[in-house]
Amino acid sequence: MLSPPSRVKSFIYTALFTILKKDEVFLRQAGHRNKKGWIIMAQEKRYSQLSQYELQQEIASLHEQARKAEQMGMLSEFAVLERKAVMAKAYLLDPKDFKAGEIYEVDGDPGSYFKIDYLNGVFAWGFRLHGGKEEEALPISMLKELKENQSGEL
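Taking our numbering, the leading residue of the sequence shown gets 1, the next gets one more, and so forth.
This is the structure we're talking about:
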């Protein structure tokens, strides 16, 4: 029978990962190994339970990890870490600042616009304009207010 500790070279194992579960994002930090070699979970917190400072620290850490992943050519890992940072940023924003029926520009996708039908937590549900009429959810951190031009039109 294989023993988990025999396959692990390092004594300290640290990992950050998120799990999307019932529209809640969890932050888990794996701590040190006990005498039997099993990982002891140090803490489990939802992004919604973190303070503003903790969220900013998490975002900075995710950006640093993403930068390293990009340098190493791990593009899938880079994309996952960037998406996690977007989710954490959503919890720094107030959903009350976003209104149903309003149109917003999608950050990171120039020329793409999103109309909000309703909000559920930090997710805006609606559809993209000039695209498919499929309903989708975007974290509010991906939405930017449209700026009016000088003639007062969008």
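Yeah, the Cβ is synthetic: ideal placement off N, Cα and C, and Gly gets one too.
Report task. State the Cα-Cα distance for the pair lysine 45 and aspartate 107, rounded to the nearest angstrom. Result -> Counting from 1 along the sequence shown, the entry for residue 45 is found at position 45. Counting from 1 along the sequence shown, the entry for residue 107 is found at position 107. Rounded to whole angstroms, the gap between the alpha carbons of lysine 45 and aspartate 107 is 27 Å.
**Report entry** Rounded straight-line distance, which links the Cα of aspartate 94 to that of isoleucine 140
**Finding:** As a working mapping, residue 140 is identified with position 140 in the sequence shown. As a working mapping, residue 94 is identified with position 94 in the sequence shown. Rounded to whole angstroms, isoleucine 140 to aspartate 94 spans 9 Å at the Cα level.
Query - Touching by the beta-carbon criterion (3+ pairs, under 8 Å), the stretch 112-128 and the stretch 83-102 - result: yes
Query raised in the report: Using the C-alpha atoms, what's the distance from glutamate 105 back to lysine 147?
Result: In the sequence shown, counting from the first residue as 1, residue 147 sits at position 147. In the sequence shown, counting from the first residue as 1, residue 105 sits at position 105. Looking at the two C-alpha atoms, the distance is approximately 9 Å.
Query raised in the report: Whose C-beta lies closer than 7 Å to the C-beta of lysine 115 among residues of the same chain, with five residues either side of it excluded?
Result: In the sequence shown, the residue the question calls residue 115 occupies position 115. The answer, listed in chain order, is Ile103, Gly126, Phe127, Leu129.
Query raised in the report: Hey, how far is the Cα of valine 122 from the Cα of lysine 133?
Result: Here the question's residue 122 lines up with position 122 in the sequence shown. Here the question's residue 133 lines up with position 133 in the sequence shown. C-alpha separation (whole angstroms): 21 Å.
Report task. Could you confirm whether any beta carbon from chain C is found closer than 8 Å to the beta carbon of glutamate 135? Result -> Protein chains in the displayed structure number just one, and chain C is not present.
Query raised in the report: Which residue comes first and which comes last in the alpha helix (DSSP H) that contains glutamate 54?
Result: If you number the sequence shown from 1, residue 54 lands on position 54. Residues 52-71.
Query raised in the report: Looking at tyrosine 53 and tyrosine 91, is the spacing between their C-beta atoms short of 8 Å?
Result: The count along the sequence shown starts at 1 and reaches residue 91 at position 91. The count along the sequence shown starts at 1 and reaches residue 53 at position 53. Taking 8 Å as the Cβ cut-off, tyrosine 91 and tyrosine 53 do not qualify as a contacting pair.
Query raised in the report: What did DSSP end up calling proline 95 once you bin it into helix, strand or coil?
Result: Taking the sequence shown and counting its residues from 1, the one referred to as residue 95 is at position 95. Looking at proline 95 - three-state DSSP - the assignment turns out to be helix.
Requested in this report: Ignore the nearest five residues each way along the sequence and tell me which others in isoleucine 59's own chain have a CB closer than 7 Å to its CB.
Outcome: Here residue 59 refers to the residue found at position 59 when the sequence shown is read from its first residue. These residues qualify, in order along the chain: Ala85, Ala88, Lys89.
Query raised in the report: Hey, out of Glu77, Asp109, Ser61, whose CA is closest to lysine 144's CA?
Result: Position 144 of the sequence shown, counted from the first residue, corresponds to residue 144. Checked all of Glu77, Asp109, Ser61; the closest Cα to lysine 144 is Asp109.
Query raised in the report: Can you name the start and end residues of the alpha helix (DSSP H) that lysine 89 belongs to?
Result: Walking along the sequence shown from the start, residue 89 turns up at place 89. That run of the alpha helix (DSSP H) goes 75-90.
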